[in-house]
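Numbering (the working numbering), first residue to last: 37 to 369.
Printed below as a string of structure tokens:
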């Protein structure tokens, strides 16, 4: 079988072969992005004082779940492409036909199973993983560049940002055009910016500054990505359609609504606990097994200390004064 080339930079889509097995650049790029995502996530775990081993342990299952979710998501959008269970194998398509939004769902479900078995907090783990996920998405878009897919509408010959797509890779109805918007590159930039933002939000100082709760950072990542994806999808020419609507845009709208709903519920729950007398912590203690948070009522403690000190010095008047202090401290709590 002859090697397929990209006209723009003459890049072979097939990196090398092992016997009859073709190893494509797209698969190598995805694997590289996944590995770098794990390394970044372990660094964030250390910064937040968590056990980085959880990242390595969840990685294989999350990767498999993400790939299966990506394939299933693709077939949901393109049901005509499904040819039986064998088509779920991404190697059959050279790692083409993947839905990033489906990968998000599959990865989350696999991570949920791990967290249940390991008895650790899912939301905190998702926060830690968010920057790596965004970075891996950006790296993965390089595979679209090599495969000449996920591109946008035609553009003028003199537009500097546009790229040439080989005739064999042009969508039906666009054969007469040479140059197209590299929407995969636009999304790659979006993902790298998103990775930087959610990495910054994971820093302890920013967690305290914005009073972030577990899960907030991940859903901020999901909101940024979905808004950007909705906009970029508007100029793509290869989107799956549901009637007159683009399926990825529908997924993006649902994700945005769910994400804002979760954040609102998360902080409303916190406010309810505050009104009930609970002391807000800004985070849960469920990520690392055996970690517990304790709270103290400082006003009551000061009142008790004042009682002991005064009652040991004076008589009945001093004891009465101490009781008054205790009463005042109780009223302030």
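The C-beta atom is built at its ideal place from N, Cα and C for all residues, glycine as well.
What first and last residue would you give for the alpha helix (DSSP H) that runs through residue 253?
252-269
What separation, rounded to the nearest whole angstrom, lies between the Cα atoms of residue 9 and residue 236?
With the chain running from 37 to 369 in the structure shown, residue 9 is simply not present.
Distance, residue 226 Cα to residue 299 Cα
22 Å
For a test of the three-state rule: what should DSSP assign to residue 85, helix, strand or coil?
coil
Would DSSP call residue 272 helix, strand or coil?
strand
Per DSSP, residue 200 is paired with what?
215
Under 8 Å between the Cβ atoms of residue 65 and residue 179?
yes
Can you give me the C-alpha to C-alpha distance between residue 114 and residue 136, rounded to a whole angstrom?
14 Å
If you measure between the beta carbons of residue 250 and residue 143, is that distance less than 8 Å?
no
Output the boundary residues of the alpha helix (DSSP H) element that contains residue 47.
It is not in any alpha helix (DSSP H) - residue 47 carries neither H nor E in the DSSP assignment.
Tell me, to the nearest whole angstrom, how far the beta carbon of residue 175 is from that of residue 69; I am working on the premise that it is less than 8 Å.
4 Å
Considering only residues of the same chain and omitting the five flanking positions on each side of residue 282, which have a CB-CB separation below 6 Å?
269 and 275
Quick one: grab the DSSP three-state call for residue 53.
strand
Cα-Cα separation, residue 173 to residue 228:
8 Å
Here's a check: name, in chain order, each residue in its chain whose Cβ is nearer than 6 Å to the Cβ of residue 94, leaving out the five neighbours to either side.
147 and 150
Nearest-angstrom Cα distance between residue 145 and residue 193?
45 Å
So, helix, strand or coil for residue 58, using DSSP?
strand
In angstroms, rounded to a whole number, what distance separates the CA positions of residue 214 and residue 206?
9 Å
Along the chain, where does the alpha helix (DSSP H) containing residue 246 start, and where does it finish?
Here residue 246 belongs to no alpha helix (DSSP H), and DSSP marks it neither H nor E.
Can you tell me the Cα-Cα spacing of residue 224 and residue 198, whole angstroms?
15 Å
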